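Student: Okay, here's the structure, questions in a sec.
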Amino acid sequence: MCKNKSHIKNNIKTQINEYNTISKSFCELIKIIRTLRSPEGCPWDREQTLYSLKNHFIEEAYELVDALDNRDIDNIKEELGDLLLHIVIHSVIAEEDGYFNLNEVIQEISEKLIRRHPHVFSDLKVDNTDDVMKHWEAIKVNEGKTRKSIFDGIPKSLPSVQNSYKIQKRAAKTGFNWNSEKECMEKVDKELSELKSALESGDKNHIEHEFGDTFFALINLARIHNIDPDESIRKVNQRFKKRFNYIEKKTFR
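Residue numbers (the working numbering): 6 to 258.
So, in structure tokens, the structure goes:
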């Protein structure tokens, strides 16, 4: 028993030391960003507004995705740092503009996580992930986040493949769904047939329309199989580049 208590105390001390180290490093990062934004800091950083860094943020997010796809641990660490930089600098700029500060950002997400996980931080009992998601949606309604449309809340700036996937996933929750994989596959075959006819017609608008319908049907087929279509495309891109790089080396060496 004494050994067990000693072990618990040591674990608590270790955690406290880790928290203190993180807190010190985090405060140093905030100080660096405030210095960069100061009159004695960097002209580029001073020029940035709450809305000017959107494309940089998106680029950093995709660089993290690349690092994750490559399972490059050192690069994952670096790209997580770049994203953290954006979260802090956006919060610092918002504080300068009198909107909110970083502490409020952290408090809001902490409160949301606790509120939306009553099965962890309260007495609610759940049996599986489906139960968790049902309660999650109910909690969002209680928060006043009701939707006029089933598609409300899907970001307009989301890449098209992900947007289509989410649209069809939301629609399926209302019962707007294929009864079987066979029916979904028949829809894909139908769209491919219509695309072939459009290509034969030479009508560019018609071809574009049928390409969209075909992509939409394929994305739905991926959804039914619980396959992330965006992930599938990223992986085939990587396979193609790898094969093409091999050909390049053989051809031009």
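Cβ coordinates follow ideal geometry from the N, Cα and C atoms, glycine included.
None of the values given here were measured: they were computed from a predicted structure.
In angstroms, rounded to a whole number, what distance separates the CA positions of L88 and K29?
Tutor: Roughly 19 Å between the two C-alpha positions.
Student: Helix, strand or coil for E236 per DSSP?
Tutor: Helix at E236.
Student: Please state the DSSP three-state secondary structure of G158.
Tutor: G158: coil per DSSP, three-state reduction.
Student: Using a Cβ-Cβ cut-off of 8 Å (strictly less than) and excluding sequence neighbours within five positions of P164, which residues of its own chain qualify?
Tutor: For P164, where only same-chain residues beyond five positions count, the Cβ hits under 8 Å are D235.
Student: If contacts are defined as beta-carbon pairs under 8 Å, then H95 and L55 qualify, I think. What distance do you get, rounded to the angstrom?
Tutor: Rounded, the Cβ-Cβ distance is 6 Å, consistent with contact.
Student: By Cβ distance, which residues of its chain are closer than 8 Å to Y170, with the 5 residues on each side in sequence left out?
Tutor: I224, A227, R228, D233, P234 and D235, listed in sequence order.
Student: Using three-state DSSP, classify S43 as helix, strand or coil.
Tutor: Here S43 sits in coil by DSSP.
Student: Where M6 and N16 are concerned, what is the direct C-alpha to C-alpha distance, given to the nearest angstrom?
Tutor: Only weak support is given to the placement of M6: the predicted model assigns it a pLDDT of 46, under 50, and the question is left unresolved by the model.
Student: Starting from V131, trace the alpha helix (DSSP H) in both directions and tell me its first and last residue.
Tutor: V131 -> no alpha helix (DSSP H), and no H or E assigned at all.
Student: With a threshold of 16 other CB atoms inside 10 Å of the CB of E116, please say whether the residue is buried or exposed.
Tutor: With fewer than 16 Cβ atoms within 10 Å of its Cβ, E116 is classed as exposed.
Student: With DSSP collapsed to three states, give me the class of M6.
Tutor: Caution applies to M6, whose pLDDT of 46 falls short of 50 and renders its modelled position unreliable; the value that the coordinates give is listed next. M6 falls in the coil class under three-state DSSP.
Student: Near E1, which residues of its chain fall below 6 Å by C-beta distance, leaving aside the five closest residues on each side in sequence?
Tutor: As displayed, the chain neither begins before 6 nor continues past 258, which places residue 1 out of reach and without an answer.
Student: Who are the Cβ neighbours of R175 in its own chain at under 8 Å, not counting the five residues just before and after it?
Tutor: Once the five neighbours on either side are set aside, the close Cβ partners of R175 are I155, F156 and I159.
Student: Taking Cβ positions, are E83 and E65 nearer each other than 8 Å?
Tutor: No. Outside cutoff.
Student: Where does the unbroken alpha helix (DSSP H) through K192 begin, and where does it stop?
Tutor: Looking at the DSSP string, the run of the alpha helix (DSSP H) that includes K192 is E186 to S206.
Student: Would you call the CB atoms of V166 and I238 closer than 8 Å?
Tutor: Cβ distance < 8 Å, so V166 and I238 count as in contact.
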